[in-house]
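Below is one structure; the comments refer to it alone.
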Amino acid sequence: MALRIELKPAERLIINGALIRNGDRRSVFLVETQCKFLRESEIIREADADTPCKKLCVTLQVIYLADDPAEAENLFVMQSTEILKTIPGAAPYLVAIHDAVAAKQYHLAIKTGRKLVAYEEELAA
Numbered sequence: 310m311a312l313r314i315e316l317k318p319a320e321r322l323i324i325n326g327a328l329i330r331n332g333d334r335r336s337v338f339l340v341e342t343q344c345k346f347l348r349e350s351e352i353i354r355e356a357d358a359d360t361p362c363k364k365l366c367v368t369l370q371v372i373y374l375a376d377d378p379a380e381a382e383n384l385f386v387m388q389s390t391e392i393l394k395t396i397p398g399a400a401p402y403l404v405a406i407h408d409a410v411a412a413k414q415y416h417l418a419i420k421t422g423r424k425l426v427a428y429e430e431e432l433a434a
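Listed below in structure tokens is the structure:
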């Protein structure tokens with residue numbers, strides 16, 4: 310079954326490591342084969358990763374998109390440990406992310422990472 314993706318004008322999408330930008334009109338296309346993709350709304354750019362939890366989200370994106378994610382997975386473990394030291398309340402999020410990564414459910418891990426960022430922002434407010 311094909312995956313239907315609708316892009317807004319100028320919206321970006323990463324498919325198998327290639328950055329694609331939509332033109333000046335809405336577009337709809339179907340992905341008929343297995344691929345790794347992230348929509349612009351799911352992406353945190355490295356330049357915008359100014360907190361520990363945002364940096365962890367960037368690492369999750371790398372884990373998902375990389376052909377060999379072993380190095381990024383090691384970084385994820387180190388980042389998680391540091392976050393737990395400074396934000397003990399983040400434990401449920403980090404456990405859920407770890408479980409999702411272990412099950413290769415990367416979109417779920419990234420989605421939970423975004424919730425962790427929201428939690429971090431809530432604490433900072």
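Using this note's numbering, the letters of the sequence shown correspond one by one to residues 310 to 434. Glycine included, every Cβ here is placed at the ideal spot set by N, Cα and C.
Secondary structure at residue 320: coil, using DSSP grouped into helix, strand and coil. Relative to residue 320, the option among 340, 417 and 350 whose CA is nearest is 350.
Within the segment 340-375, the runs of alpha helix (DSSP H) that reach at least 4 residues and sit entirely inside it are, in chain order, 361-374. By the Cβ-count criterion, residue 362 is buried, with 16 or more other Cβ atoms from all chains shown falling within 10 Å of its own Cβ.
Residue 348 places its beta carbon 9 Å or farther from that of residue 367. Residue burial is scored here from C-beta neighbours: residue 326 has fewer than 16 other C-beta atoms within 10 angstroms and is therefore classed as exposed.
In the three-state reduction of the DSSP assignment, residue 327 falls in the strand class. Per DSSP, the unbroken alpha helix (DSSP H) holding residue 420 starts and ends at 415-433. Sixteen is the threshold: since fewer than 16 other Cβ atoms of the shown chains lie within 10 Å of the Cβ of residue 397, the residue is exposed. Residue 433 and residue 427 have their C-alpha atoms some 10 Å from each other. Cβ contact annotation for residue 393 (same chain, cutoff 8 Å, sequence separation greater than five): 399, 400 and 403, in chain order.
For residue 401, the enclosing alpha helix (DSSP H) has its first and last residue at 400-411.
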